[in-house]
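Engineer: Reading the sequence shown from the start, the letters are residues 819 to 924 in the working numbering.
We put the CB at the ideal spot given by N, CA and C, even for glycine.
I'd like to ask some things about the structure below.
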Amino acid sequence: MTDPRKDHRLRGLYAITDARISDPERLARDVRQALLGGARIIQYRDKSADRSRRLQSAQGLRKLTRRHGALLIINDDVILAAQSKADGVHIGRHDTGLADARARLG
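Rendered as structure tokens:
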């Protein structure tokens, strides 16, 4: 595993997706533009779409971020992070506990 303190991808622009964009194709276009503009980390944030749409979007974003050498972080959904093979998960203070997240993600 890469030492996160030395990972060049942790430096630079950190973009968070707009949860109001529910169309996976539009989301992918917008994220691609962010990546072309220099984003090194993409945080996928959507708590309103159904699970299958969120998985479809996350998997599409995973492909994009890999292609551009960027990281994908899933907001507040440890299971989706694992299913989409994201690089990490953002956990807020009222979300899943750290111990549970580590147990699920390694």
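Quick one: using the 10 Å Cβ neighbour count with 16 as the cut-off for buried, is residue 895 buried or exposed?
Structural biologist: Under a 10 Å Cβ-count criterion, residue 895 is classified as buried, with 16 or more other Cβ atoms of the shown protein chains found around its own Cβ.
Engineer: Determine, using beta carbons only, whether residue 781 and residue 839 come nearer to each other than 8 angstroms.
Structural biologist: Nothing can be reported for residue 781: it is not among the residues displayed for the chain, which extend from 819 to 924.
Engineer: Mapping DSSP to helix, strand and coil, what is residue 878?
Structural biologist: Under the three-state reduction of DSSP output, residue 878 falls in the helix class.
Engineer: Give me the residue from 906, 852, 868, 866 with the minimum Cα distance to residue 889.
Structural biologist: 906
Engineer: In the DSSP assignment, find the unbroken beta strand (DSSP E) run with residue 829 in it and report its ends.
Structural biologist: Note, residue 829: premise wrong, no beta strand (DSSP E); not H, not E.
Engineer: Measure the Cβ-Cβ separation of residue 849 and residue 834 and say whether it is below 8 angstroms.
Structural biologist: no
Engineer: Within 10 angstroms of the Cβ of residue 829, are there 16 or more other Cβ atoms? Answer buried if so, exposed if not.
Structural biologist: exposed
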